[in-house]
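Numbering (the working numbering), first residue to last: 98 to 186. Contents: one structure, followed by commentary.
Right under this line is the structure:
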């Protein structure tokens with residue numbers, strides 16, 4: 098099975114996960130560069146705080162998106178089941 102054969106919602110989740118990985122990697126790289134160039138502890142602490150906030154925000158967004166996708170899939174499946182049952186009669 099190729100990625101093209103997967104359901105669209107699975108592809109959507111894969112894209113979201115890939116974007117999260119990219120964002121986290123970019124944030125970590127930026128923090129490492131800032132810390133390496135920093136001359137003061139304040140800059141290092143600020144960079145660490147920003148990194149944590151961004152990563153937590155991204156994780157929260159991903160969780161919300163995942164919950165929405167699951168709810169949509171469950172509702173769609175339930176609607177299809179109701180249509181199937183009512184059609185059979």
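Built from N, CA and C at the ideal position, the CB exists for glycine as well. Every value quoted in this text rests on a predicted model; they were computed, and no experiment measured them.
Item: Do residue 128 and residue 148 have their CB atoms nearer than 8 angstroms?; Value: yes
Item: Could you say which of 184, 142, 177 and 169 lies nearest to residue 105 if we only look at CA atoms?; Value: 169
Item: Check residue 136 in the structure and name its three-state DSSP category.; Value: coil
Item: In whole angstroms, what separates the C-alpha of residue 139 from that of residue 130?; Value: 15 angstroms
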